[in-house]
Each structure stands twice: as structure tokens, then as C-alpha cells.
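Peer 1: I am attaching a structure below and will ask some questions about it afterwards.
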Amino acid sequence: MWQRVSGWFSAVGVVVLVAACGTGGGASEDFAGTVDIGGGRNIYLECAGTGTPTVVFVSGLRFGADQWTATADPASTSAFGGAAEFTRVCSYDRPGVVLSGDALSRSDPVPQPITTTDAVADLQSLLGTTDEAGSGPYVLAAHSYGGQIARLFAGTHPDEVAGLVLIDAQSEELQTLLPPEQFQEFLRLNTPQQDSLDEYPDLERVDFERSFDEIRAAEPIRPMPLVVLSADRSVAPQIAEGIANGSLPADIDPGYGPALDDVQPKAQEDLAQLVPGATHVANTNSGHNINIEQPQLVIAGVRDVVDAVRDGRTEP
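All residue numbers for the sequence shown refer to the working numbering, where the first residue is 9 and numbers rise by one.
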């Protein structure tokens, strides 16, 4: 089985994805297919709904567009479907991601590992070469590693971003907040195991140390509506379960989970301080995959940011 990553530790099969697509602005307005971004490359894009600003969902490490049309509860409306009821929404596959059912990325492969700058360049090329996503500025709703992409995009292309929703987003402050030995464990557990690379050599891999440096070197995000959603469930029991069922290496440092639990609240609060007046929702009754476990919170956060953008406000 391919190795998909929840963002803080490597895990296989930690969530069950249940399709829950919502209605948009009509079948004629929906789009699902590849977009030529130049250089002989194509990226897979899905869009639905009508209205501005367009919301672009940016997935976590090794997750594709289907992350946003999935819920843990089949009766729930997905983040993608719910947001498509009040504005245009799009999601896409980065190269090397893995879809539900172990299907592979629908976007053309690139040399791995990448840095966040590479991912930002792809997103900028995608949005600049298709009319399906409408015209910017966009609201970026990003999960886990996708939060790094959204933040760097907002810092390097400020005129193209009108608002942000960060969903248990990954913070570069983990590098300084975690003890050095635990940060090395973070790097190891976010690197695919060799058996996964043997089966899928193009599997997405990120040079996190270089990427964290890129985030730190970027221009600060200008004032804009920002909602930060943070997981409130402990990671340590999930890691213990992963070790027990064999989806995680048996030699994980036993202190890693508790160390991550200790620093995550500070890292998330730092994200909520990126711009004045941000909304921080820390009581989510969710693990890391808030968009799958509690999609209604993501829909509400997106609506708050979209409404603020429409009203010309910089605070949600």
C-alpha cells in the first residue's frame, strides 16, 4: 500500500475516505480534467460552483484533490461540496500524490524531492493558464503541508491571494520547538519508506529543511482574512496505534508523540498571529484531518473568509 502522510507522522490507511461530493452551480459549470501548464506538463484540476472569490483547496503531503470530496461520515457534506454551494471552488493533484484506493496522481510527474517553492510555482502556473478557476485574487484553503504552500504563495504572489484558511497547517516552527532529536524523527517519518518508492518512484517527497528556510525568507503575509483550524486530539495515541498495527516503523522514538503534542499548540497559535484579527478555532473535536473528520468546520471557515473578502474586510 502506498504511503500517505497525515502531516506530522507517516501513516498508511489512517483514515477511511468516503466520497461526498456536493452540488455546484450546475453540471455545465463543473470541470474535471488536466490543464496544460507549459513545459510539456499537465496538472489535474477539479472545479465546481459559481461566484467569487474562487476558493482553491491545497492538499496535505501526498494527498490529492479527492481529499476535499471525502468525509469520515457518509452523511456529512464534504468541504468541497459545501463550499461549492456559495462560491467557485477548485482542487488539484500535485505530482506524486496518492488517491483513495491507491490510485496515483493524475498530474505529470516531476523529479523528487521538491521544495515548497516548486509547489508554489506549479500552483501559480496552473491558476495562470486556465479559466476554470476564474480570476484572482483567490482564497486558499490548505491542510497540513498544503499550508506551507498557501503561505509561501501568499508571500510571493500577494496580489493573487485575498484570504487564507489554514487547516491544522504545518508550521516551520516545529524545527525550533521540537528537541533536535525529535525533529530528526519528524523528518524521518515524513520521508517515504523504500518499499513505497520501489513501487512508486515518483511519490511526492519534500525537502522540509529547505522548505522551512523558504518560508522564513518570504515576505510577511499582508493583512487579509485568515481562519486557523487546529486539531485538538493527541497525536501520541495515534502513533502508538500505528506502531501496533504495523503502519508505522516499530523503532519510532517513544518520546516523539508526546513531544509533538507539547509543541503543536504553540505552533498553531503562531499561525494565528500571522495577520491581525485572525480567527483561531482550537476546539475542533478532531485529529489532524479536520477536513475529513469535521468538514463543517472547514466549510464555515471558508464561508467566513469568503464573506469578508466580498465585504472588503481584512478580518473574518
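Virtual Cβ for every residue (Gly too), placed ideally from N, Cα, C.
Which word fits Asp-139, buried or exposed, when buried means at least 16 other C-beta atoms lie within 10 angstroms of its C-beta?
Peer 2: The residue in question, Asp-139, is exposed, as its Cβ has fewer than 16 Cβ neighbours within 10 Å.
Peer 1: Please name the residue in Ala-316, Thr-322, Leu-305 and Asp-315 whose C-alpha comes closest to that of Thr-85.
Peer 2: Residue Leu-305 is the option with its Cα nearest to Thr-85.
Peer 1: Given that a residue counts as buried once 16 or more other Cβ atoms are within 10 Å of its Cβ, and exposed if not, what is Gln-302?
Peer 2: Its Cβ being crowded by 16 or more others within 10 Å, Gln-302 is buried.
Peer 1: Under the three-state reduction of DSSP, which class applies to Phe-94: helix, strand or coil?
Peer 2: Coil, per DSSP.
Peer 1: Where Asp-261 and Gln-190 are concerned, what is the direct C-alpha to C-alpha distance, given to the nearest angstrom?
Peer 2: Going from the Cα of Asp-261 to the Cα of Gln-190 covers about 8 angstroms.
Peer 1: For a quick check, are the C-beta atoms of Val-66 and Gly-171 less than 8 angstroms apart?
Peer 2: It is not a contact, given that the beta carbons lie outside the stated cut-off.
Peer 1: Near Pro-166, which residues of its chain fall below 6 angstroms by C-beta distance, leaving aside the five closest residues on each side in sequence?
Peer 2: Hits under 6 angstroms: Arg-230.
Peer 1: Answer yes or no: do Asn-50 and Thr-42 have a C-beta to C-beta separation smaller than 8 angstroms?
Peer 2: Yes, the Cβ-Cβ distance between Asn-50 and Thr-42 is below 8 angstroms.
Peer 1: What are the boundary residues of the alpha helix (DSSP H) that Gly-154 is part of?
Peer 2: First-last of the alpha helix (DSSP H) with Gly-154: 153-164.
Peer 1: Alpha carbon to alpha carbon, how far is Ala-239 from His-296?
Peer 2: Cα-Cα distance, rounded: 5 angstroms.
Peer 1: Give the DSSP-derived three-state secondary structure of Ile-175 in the structure shown.
Peer 2: Three-state DSSP puts Ile-175 in a strand.
Peer 1: Assign Leu-211 to buried or exposed, taking buried as 16 or more other Cβ atoms, counted over all protein chains shown, within 10 Å of its Cβ.
Peer 2: With 16 or more Cβ atoms within 10 Å of its Cβ, Leu-211 is classed as buried.
Peer 1: Can you give me the start and stop residues for the alpha helix (DSSP H) that Tyr-208 sits inside?
Peer 2: Taken as a continuous stretch (DSSP letters only), Tyr-208 belongs to no alpha helix (DSSP H), as it is neither H nor E.
Peer 1: Use the C-beta contact count for Arg-102: other C-beta atoms within 10 angstroms, 16 or more gives buried, fewer gives exposed.
Peer 2: Answer is buried; the Cβ neighbour count reaches 16.
Peer 1: Can you tell me where the beta strand (DSSP E) holding Ala-73 begins and where it ends?
Peer 2: Segment: none, Ala-73 is in no beta strand (DSSP E) and carries neither H nor E.
Peer 1: At 3 residues or longer, what runs of the beta strand (DSSP E) sit wholly inside the stretch 241-319?
Peer 2: Counting only runs of 3 or more, we get 287-289.
Peer 1: Below 8 angstroms on the Cβ atoms is my contact criterion, and I expect Val-173 with Phe-161 to pass it. Report the Cβ-Cβ distance as a whole number of Å.
Peer 2: That belief does not hold up - the Cβ atoms of Val-173 and Phe-161 are roughly 13 angstroms apart, past 8 angstroms.
Peer 1: So, are the CB atoms of Thr-77 and Gly-142 less than 8 angstroms apart?
Peer 2: No, Cβ-Cβ distance for Thr-77 and Gly-142 is not below 8 angstroms.
Peer 1: Suppose you measure from the CA of Ser-113 to the CA of Val-64; what does that come to, to the nearest Å?
Peer 2: So the two alpha carbons sit approximately 18 angstroms from each other.
Peer 1: Can you tell me whether Glu-180 sits near the ligand FAD, meaning its C-beta is under 7 angstroms from at least one heavy atom of the ligand?
Peer 2: You won't find the ligand FAD in this model; it holds no ligand whatsoever.
Peer 1: Between the beta-carbon of Arg-321 and the beta-carbon of Pro-228, is there less than 8 angstroms?
Peer 2: No, they are not a contact pair.
Peer 1: Compute the Euclidean distance between the alpha carbons of Gly-72 and Val-105, then round it to the nearest angstrom.
Peer 2: Roughly 6 angstroms separates the two Cα atoms.
Peer 1: In the DSSP assignment, find the alpha helix (DSSP H) that holds Thr-124 and state where it starts and stops.
Peer 2: From DSSP, the alpha helix (DSSP H) with Thr-124 extends over 124-136.
Peer 1: Taking contact to mean at least 3 C-beta pairs separated by less than 8 angstroms, is the stretch 172-187 in contact with the stretch 242-259?
Peer 2: Counting Cβ pairs under 8 angstroms, fewer than three are found: no touch.
Peer 1: To the nearest whole angstrom, what separates the beta carbons of Gln-156 and Gln-178, a pair I think is in contact under 8 angstroms?
Peer 2: Yes, they are in contact, since the Cβ atoms of Gln-156 and Gln-178 sit about 6 angstroms apart, within 8 angstroms.
Peer 1: Compute the Euclidean distance between the alpha carbons of Arg-70 and Asn-299, then round it to the nearest angstrom.
Peer 2: Going by the C-alpha atoms only, they are around 15 angstroms apart.
Peer 1: Is the CB-CB distance between Gly-154 and Gly-57 below 8 angstroms?
Peer 2: No, these two residues do not count as a Cβ contact at 8 angstroms.
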